[in-house]
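Residue numbers (my numbering): 184 to 548. Just below is one structure, and these are the notes that go with it.
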Amino acid sequence: MRGFEAGRLSVITSLILSVGLVNHVIILPIVLGTAGRDAWISVLLAGALMLILLLPVAAVLRDLGLQPFSAWLMEKGGAFSRVLILTVVVGYLLLEAIITTVDVLTWTNSTYLPETPPLVTATVFVLLCVAAVLVGMQAIVYMSCIALPVVTALGIFVASGNSDRKDYSQLLPLMENGFGPVLRGALVSCSGLTEMILFILLQMYANKPFRRVHLYATGLFVIVLSVGPTIAAICEFGVFESSSMRFPAFSQWRILSVGRYIEHLDFFAIYQWISGALIRISLALSLLLELSGIQKRKGKLIALIIIGIAMIGLTVYPFGDNNQYIFYKAIRPFVFAVQISLLFYVWVLALRKRGGRGELNANRA
């Protein structure tokens, strides 16, 4: 059953913030550590692959129409396919929500709130995400519409403000260690850029089906969001320093100044990261509940309490920043494999012929 509907561009803003954050915050240090000087080539290579993968995404969206994803799975693949795909997707969304929470709060506790107990910051942030989910998808979409223009403007501000600090000769020589690091870096970057498959889950919230122009315009925008900070980190800090940074995007804010007397502008990064993380986690949890079939408010509240406690516990537990980085680096290729497997499975389902109610849905779209 379809509920909240929004304009296509409004829904896309939430996707851009979600995908932009994972590439900006979680993926960027891993790609720099893996590919070094050639990290920007890895991002471009992953971006090219993502643009190709948007072709099967477009095919699925065309067959899906505006009907809910779970209903479409039942119609096209039967009960087994529905349970299999939804189980994997729900697990994937839960994993990404937890990883984002832990990583962003690690950054929070190590930069601008080092004296605040992690339990306090984790509890407040998780409660905000839970509140957004309980209000509904409309709150997430509307917040995205407000946040994205500001986040984009701040990104342009930090990029232009640090232009005099950039040494583009740091990008050369190309592939001095061969093509291997580039491929490994591209594999890591793919796991972030391929999140564009979330178009499939978000179409049921749009008032009209997405068109290819929406997919490719969004894809190109996300590539720019990903490759820009990568090049900036290398040019501003050098290949060795940038490769060892835990949060290179934040470090770009730390060195920003306007003229001789205006400095310490890194507080703008707090708005960028927290707004992106809030949208990303809330969106993942909202989709998780929708695909799990939990409709009643009481059931949603119980599920969110359980998930929230787990997220807070994992954030507070002292894993160590280095161990977190190692885990993120190890799991990204696995995440990419899951994304590709899901995409091709639903693509095969979309190529199947159908009739009856499904044809009516397709015609409506």
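By construction, the Cβ of each residue, glycine as well, lies at the ideal position given by its N, Cα and C atoms.
Legend entry - Close Cβ partners of R535 (< 7 Å) along its chain, the five nearest in sequence each way excluded: K259
Inset, instruction - Inspect the CB distances between the stretch 438–448 and the stretch 240–255 and report whether three or more fall short of 8 Å. - result: no
Inset, instruction - Mind reading off the beta-carbon distance from V287 to W456? Whole number of angstroms is fine, and I expect it under 8 Å. - result: 6 Å
Inset, instruction - Could you tell me how far apart the beta carbons of L215 and S426 are, in whole angstroms, since I believe they sit closer than 8 Å? - result: 5 Å
Legend entry - Contact check, I224 vs T401, beta carbons under 8 Å: no
Legend entry - N-terminal and C-terminal residue of the alpha helix (DSSP H) that H397 is part of: 395–420
Inset, instruction - Return helix, strand or coil for I445, following the three-state DSSP convention. - result: strand
Inset, instruction - Decide if L468 is buried, meaning its Cβ has at least 16 other Cβ atoms within 10 Å, or exposed. - result: buried
Inset, instruction - Pull up the distance between the alpha-carbon of E298 and that of R437, whole angstroms please. - result: 19 Å
Inset, instruction - Report yes or no: do three or more beta-carbon pairs, one from the stretch 492–501 and one from the stretch 276–284, lie closer than 8 Å? - result: yes
Inset, instruction - Would you list the residues sitting across from A389 in a DSSP beta bridge? - result: A189
Legend entry - Buried or exposed (CB count within 10 angstroms, at least 16 for buried), Q522: buried
Legend entry - L267 to S374 span [Cα, whole Å]: 21 Å
Legend entry - beta strand (DSSP E) runs contained entirely in the stretch 221–294, provided each spans 3 or more residues: none
Inset, instruction - Within the same chain, show all residues whose beta-carbon is closer than 7 Å to that of C557, passing over the 5 residues directly before and after it, in chain order. - result: Nothing about residue 557 can be reported from this structure: the residues present for the chain run from 184 to 548 only.
Legend entry - Residue range of the unbroken alpha helix (DSSP H) whose run includes S440: Run containing S440: none; DSSP gives neither H nor E here.
Inset, instruction - Below 7 Å CB to CB, which residues in the same chain sit around F187 once its five sequence neighbours on both sides are set aside? - result: G319, M320, Q321, Y388
Legend entry - Straight-line gap, M358 to A369 (C-alpha atoms, nearest Å): 13 Å
Inset, instruction - Please list, in chain order, all residues of the same chain as S475 whose beta carbon is under 7 Å from its beta carbon, the five residues on each side excluded. - result: V273
Inset, instruction - Using 7 Å as the cut-off, classify the Cβ of W436 as near or not near the heavy atoms of the ligand FMN, replying yes or no. - result: Because no ligand of any kind appears in the structure shown, any question about the ligand FMN cannot be addressed here.
Legend entry - Alpha carbon of I417 to alpha carbon of F382, nearest angstrom: 31 Å
Legend entry - Within the stretch 294–381, ranges of the alpha helix (DSSP H) (whole runs, at least 4 residues): 301–318, 320–344, 363–376
Inset, instruction - To the nearest angstrom, report how far apart L203 and L337 are at their CA atoms. - result: Sequence check: residue 203 is Gly here, not Leu. Answer to the nearest angstrom: the Cα atoms are 14 Å apart.
Legend entry - Cβ neighbours of A545 in the same chain (closer than 6 Å, five flanking residues each side left out): Residue placement at A545 is flagged as unreliable, the pLDDT there being 42, under the threshold of 50; the coordinate-derived value follows with that caveat. Excluding sequence neighbours, A545 sits near G248.
Legend entry - R429 - DSSP class collapsed to helix/strand/coil: coil
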